[in-house]
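Q: One structure, pasted below without further comment.
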Amino acid sequence: MYLKNSWYVAASAEELGRGLLGRWICDEPLVMYRKEDGTPVALEDRCPHRKFALSKGELVGDEVQCGYHGMKFDCSGVCTFVPGQDNIPPRLKARVYPIAEKHRWIWVWMGEPSEADEDLIPDYHWNDAPGWAPIMGYLTFGANYQLVVDNLLDLTHETYVHQATIGNQAVAHTPMDTRVDGENVLIERLMIDCDPPPLFKRARGFTTNIDRWQRIRFNPPAHITIDAGGVPTGTEMDTATNPESMNWMVLNALTPERADSTHYFWSVSRCFSQDDEELGEMIRKQIINTFEEDRDILETQQELIDSDQSGRPLLTVNCDAGNAAARKIMDGLIKAEAGGASAGHSG
Ligand code: FES
Ligand SMILES: [Fe+2]
């Protein structure tokens, strides 16, 4: 079950062009492209005729021509051409999904089209705001999106999984403060006078201990922003006024692909040394290594969950407070939606 009345990132703005991009989202096949004027379009990637994939056809002007029997569909899903036949049955119509472009990502609305309000798109302004230098990427994880949410809401694992980059002892040993604010979960961890983790040293040249922070925000269905940073111990923990601070926003837009796979659109946007391209490349490589470490964990975890016949549930301890809260919020929203409540969720 997925939350349908919600915006999901379906592609990066850069990858969507004048070609047909097929992608599964929430167990539904979509085909996306840009019209000649650049406007994005999303249709169901299942030809209304005999259910072949439209994404395996061709883009002709602003229309898609199915690669099986040559029927054409315009960007409102209407069939405009049936080979050898003048009369076009109105039921030959492809489903159209509301689509929008914002913060360098392409968003689709998977639920009731009349509820699709672009103001509900979550805030990811760090991808295109002045003063921020984003490094963006895309991965697919062979794990259910809620396992990826769990991973990002409990960063205790950094100490054990990401020792080469962002892990230090302080993360695992400092308790988190977890709060629920309506449909959002807010998690804060302040680590005073701790070792700078390896990537912080490389990125900012810290030579002393640091005061480190992580402020995580969860917005349904699976949007997680992490304000992460550090300053030399005892100096002001304020990026705006402390020139020695290191601060980046780790942005995680997770989109369910199928029950056991997730599209992971990520961005690490920094507000220091924004013009240093060499630094940007170093951070990109290290972050990808870090996320590949998460992928190994999550794919193994998914396989072991799927194969477990015991019926034993996942267990929850203190460090799971944030992910337990997020799952509870999502369960409530999915139940309400299934019960017919109108929706629209964002932070
Ligand atoms: S399946 Fe698409 S035209 Fe026949
Ligand atoms: Fe991780």
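In my numbering, the protein residues as written are 1 to 347.
Glycine is no exception: its CB is placed at the ideal position from the N, C-alpha and C atoms.
1. Going by the beta-carbon positions, is the gap between Gly-229 and Trp-248 smaller than 8 Å?
2. To which residues does DSSP link Ala-129 through a beta bridge?
3. Between Glu-281 and ligand 2, is there a pair consisting of the residue's CB and a ligand heavy atom that are separated by less than 7 Å?
4. Per DSSP, what kind of secondary structure is Asn-219 in: helix, strand or coil?
5. Taking the continuous alpha helix (DSSP H) assigned at Lys-285, which residues delimit it?
6. On the criterion of 16 or more Cβ atoms from any shown chain inside 10 Å, does Leu-315 qualify as buried, or is it exposed?
7. Ignoring anything shorter than 3 residues, give me the beta strand (DSSP E) runs that lie fully in the stretch 183-238, in order along the chain.
8. Kindly examine ligand 2 and report whether one of its heavy atoms sits closer than 7 Å to the Cβ of Glu-158.
9. Does the distance between the C-beta of His-162 and the nearest non-hydrogen atom of ligand 2 fall short of 7 Å?
10. The alpha helix (DSSP H) spanning Tyr-349 covers which residue range?
11. Any contact between the stretch 124-132 and the stretch 154-169? By contact I mean 3 or more CB pairs, one from each, below 8 Å.
12. Ligand 3 and Thr-300: does the residue's C-beta get closer than 7 Å to at least one heavy atom of that ligand?
13. Who are Met-246's beta bridge partners in DSSP?
14. Residue range of the alpha helix (DSSP H) that Ile-329 falls in?
15. Given a threshold of 16 other Cβ atoms within 10 Å of its Cβ, counted over all protein chains shown, does Asn-289 qualify as buried or as exposed?
16. Once you ignore the five residues that flank Asp-320 on each side, which residues in its own chain have a CB closer than 8 Å to its CB?
17. Can the beta-carbon of Thr-208 be found closer than 8 Å to that of Thr-233?
18. In the DSSP assignment, the alpha helix (DSSP H) including Ala-170 goes from what residue to what residue?
19. What residue range is occupied by the uninterrupted beta strand (DSSP E) comprising Glu-58?
20. So Ala-222 and Leu-254 are in contact, right, with Cβ under 8 Å, and what is the actual spacing, rounded?
21. Do Pro-220 and Ile-210 come within 8 Å of each other at the CB atom, strictly closer than that value?
22. Going by C-alpha distance, which of Pro-89, Pro-122 and Asp-117 is nearest His-103?
23. Go ahead and label Gln-85 buried or exposed: buried means 16 or more other beta carbons lie within 10 angstroms of its beta carbon, across all protein chains shown.
24. I need the boundaries of the beta strand (DSSP E) containing Val-161, first residue and last residue.
A: According to the data block:
1. Yes. Within cutoff.
2. None, per the DSSP bridge assignment.
3. Checking every heavy atom of ligand 2 against the Cβ of Glu-281, none is found closer than 7 Å.
4. Residue state, collapsed to three classes: strand.
5. Note, Lys-285: alpha helix (DSSP H), 277-307.
6. Counting other Cβ atoms within 10 Å of its Cβ, Leu-315 stays below 16 and is therefore classed as exposed.
7. Correct list: 184-194, 210-219 and 223-232.
8. Yes - ligand 2 has a heavy atom lying nearer than 7 Å to the Cβ of Glu-158.
9. If you check the C-beta of His-162 against ligand 2, you find a heavy atom less than 7 Å away.
10. Lying before the first or after the last residue shown, residue 349 is absent from the chain, which here runs from 1 to 347.
11. No, the stretch 124-132 does not touch the stretch 154-169.
12. By its list of ligands, the structure shown excludes ligand 3, since it contains just ligand 1 and ligand 2.
13. Answer is Gly-230, bridged to Met-246.
14. Where Ile-329 is concerned, the enclosing alpha helix (DSSP H) stretches over 321-338.
15. Taking all protein chains shown into account, Asn-289 has fewer than 16 neighbouring C-beta atoms within 10 Å of its C-beta and is therefore exposed.
16. If you ignore the 5 residues before and after Asp-320, its C-beta comes within less than 8 Å of the C-beta of Asp-150 and Asp-154, all in its own chain and listed in chain order.
17. The answer is yes: Cβ separation under 8 Å.
18. Note, Ala-170: alpha helix (DSSP H), 169-173.
19. Glu-58 -> beta strand (DSSP E) spans 58-60.
20. Yes, they are in contact, since the Cβ atoms of Ala-222 and Leu-254 sit about 4 Å apart, within 8 Å.
21. Here Ile-210 is not near Pro-220, since their CB atoms are 8 Å or more apart.
22. With distances taken between Cα atoms, His-103 lies closest to Pro-122.
23. Counting C-beta atoms within 10 angstroms of its own C-beta, Gln-85 has fewer than 16 neighbours from the protein chains shown and is therefore classed as exposed.
24. Following the DSSP letters along the chain, one finds Val-161 in no beta strand (DSSP E) but inside the alpha helix (DSSP H) bounded by residues 158-161.
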